[in-house]
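These notes are about the structure you will find just below.
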Amino acid sequence: MIYPEFLKEKKQLAVTAPSDGIAEELKIKRLESALKNFKDLGYNVMETKNVRCSKKGRSSSSKEQAKQLEQLFLNDDISVIFCASGGDFLLEMLPFLDFQKISSNPKWIQGYSDPTSLLFILTTNYDIATIYGDNFKTFGMLPWHSSLKNNLEILKGNIIKQESFDKFEEESYELKTGLEPYNLTQKAVWRTLDGKKNVAFKGRIIGGCIDVLAEIFGTKYDKTTQFIEKYKQDGIIWYFDNCELSSEQLIRTLWKFRENGWFQYTKGIIFGRSVAANHSYYDIKLEETLHHSLDELKVPIIMDADIGHIPPRMTIINGAVAKVTYSNNKGEIELKLI
206 MIYPEFLKEK KQLAVTAPSD GIAEELKIKR LESALKNFKD LGYNVMETKN
256 VRCSKKGRSS SSKEQAKQLE QLFLNDDISV IFCASGGDFL LEMLPFLDFQ
306 KISSNPKWIQ GYSDPTSLLF ILTTNYDIAT IYGDNFKTFG MLPWHSSLKN
356 NLEILKGNII KQESFDKFEE ESYELKTGLE PYNLTQKAVW RTLDGKKNVA
406 FKGRIIGGCI DVLAEIFGTK YDKTTQFIEK YKQDGIIWYF DNCELSSEQL
456 IRTLWKFREN GWFQYTKGII FGRSVAANHS YYDIKLEETL HHSLDELKVP
506 IIMDADIGHI PPRMTIINGA VAKVTYSNNK GEIELKLI
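Per our numbering, the sequence shown runs over residues 206 to 543.
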C-alpha cells in the first residue's frame, strides 16, 4: 500500500471540485472561512477554477474536472487535495482521468459521499491510500469540532486513535452566517447487529458511500475482488455510508456484493449512521435488512458508527490496517499504515 507524504508546515493544500461546486452565498462564506482557518494555521490553499461553480449538480464539464484534478497531482508543491463538496455525478469524470499521471504522483486526497468513486478506485486499483473524511467546506465552521482537529492531525502524520463522539447532529442549523457549527443534540450510540456488548476485529479497511459503490460495481473500474485477494492475509474490514438507499435497494446492493465475492476474507463490517435508515416500501427495518443480507457471513457488524453523512465523522484511511474495538455502545478505530 502506498501512503503519500503527509502534510508539512508551509506546504500547500488544494481544493478542487470533481463533483459539485459551491455557489450559494452562505456556502461561499463557509468556503472562505475554511480558507482563512487553514491560512491562520500557516497553510496556503490553492483553489481550482471550478470550486465556486455549480450548474445542475456539476462544477464544470467532466473533462475540465479531470484536467484541474490532474494538475494538482502534478504540482510538487501540493501535498493534500480536498474535494470541495459532494454531489451526484463524479462518475462521469472517470473516463477523462489519466490515472497513470495520478498514480505516478500519489498525494492524499480527501472527501466523502460522491467522491467515493475516486477514492475507492485509487485505493483498490492503484494501491494508493485515500481519506474518507470531510469535504473542504466543512472546515469553515467556527469553532472547529474535535473531529476536524483529529482530521488535521492525521493529515500531518499523527495517526491518533479515534474514539466515538458523545453526540451527533440529527438536524443541522439553518445557515445564517455560513459559519454554524454542528447542532449536536442526540447521544451517539454505536450498536452491534447481534447485540453483543464487546467486539473487536482487525483488517485492511475499505469502503465509502454505498450508493456510489453500487454504481461502480461491475464496471471496468471495479477491481474489488483483486484487491481483497491481494490483502486476504490481513483480512478485510468494510465500512459503509448509506445516503439514499432504501431497505429494498440496500438488500439488492448487498446481494450483489456478496454474490460477486466482495465479502470474502471479511473480518467485520461497519455501518455509519444512515440518512435513509428504515426508508422502506415494505416496512423493512435496517436491522431486518442487515440480518437478511449479512447473517450468513458470521462476522461482527457495527451500526450507527461515526462515519458518513450524519456528523461528526471519523477520518478513515482507505487501505490502512484498522483495529476496531466496540464496548457498551462506544467504539474506537486505530489505524496502522502497513
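Every residue, glycine too, gets a C-beta built ideally from N, C-alpha and C.
Residue environment, residue i, which counts as buried when at least 16 other CB atoms sit within 10 Å
i    : result
K300 : It should be noted that the sequence gives Pro, not Lys, for residue 300. Exposed, because fewer than 16 other Cβ atoms sit within 10 Å of the Cβ of P300.
G412 : buried
S351 : exposed
N363 : exposed
T430 : exposed
I336 : buried
L360 : buried
N356 : buried
I314 : buried
T382 : exposed
D500 : exposed
D446 : buried
W460 : exposed
Y167 : The structure shown has nothing for residue 167, since the chain only spans 206 to 543.
N255 : buried
S290 : buried
P516 : buried
L398 : buried
S309 : exposed
Q305 : exposed
K372 : exposed
K232 : buried
I365 : exposed
S377 : exposed
DSSP bridge partner residues for residue i (one or two, in chain order)
i    : result
L540 : A527
G412 : Y444
T221 : C288
F406 : V529
Q391 : F373
K535 : S532
Coarse secondary structure for residue i, derived from DSSP in three states
i    : result
L384 : coil
I421 : helix
E379 : coil
E368 : strand
F373 : strand
T397 : strand
I521 : strand
Q211 : The question names Gln, yet the displayed sequence has Phe at residue 211. Residue state, collapsed to three classes: coil.
Q438 : coil
K306 : helix
G345 : helix
E229 : coil
N363 : coil
P300 : helix
I515 : coil
K428 : coil
K216 : coil
Supposed close pair residue i, residue j - CB separation, criterion 8 Å
i    : j    : result
S369 : K535 : 5 Å
F406 : P505 : 5 Å
S485 : E453 : 6 Å
L274 : V250 : At roughly 15 Å, the Cβ-Cβ gap does not stay under 8 Å, so L274 and V250 are not in contact.
F278 : V220 : 14 Å between Cβ atoms; not a contact.
Y317 : R478 : Not confirmed; about 13 Å, so no contact.
L540 : Y208 : Not really, about 10 Å apart at Cβ, beyond 8 Å.
A228 : R257 : 6 Å
T494 : Q367 : Rounded, the Cβ-Cβ distance is 27 Å, inconsistent with contact.
L418 : F325 : 7 Å
A222 : Q270 : 7 Å
G440 : G466 : Not really, about 15 Å apart at Cβ, beyond 8 Å.
E449 : V480 : 7 Å
V526 : I475 : V526 to I475, Cβ: 14 Å. No contact.
K342 : L246 : About 17 Å; that fails the 8 Å criterion.
TODO: May I have a chain-ordered list of the alpha helix (DSSP H) segments no shorter than 4 residues that lie completely inside the region 441–509?
DONE: 452–464 and 491–499
TODO: Could you pull out every unbroken alpha helix (DSSP H) segment of at least 4 residues lying fully inside the region 308–342, listed in chain order?
DONE: 321–331
Task: Continuous beta strand (DSSP E) assignments of at least 3 residues falling wholly in the region 237–293 - done: You should have 250–252 and 283–288.
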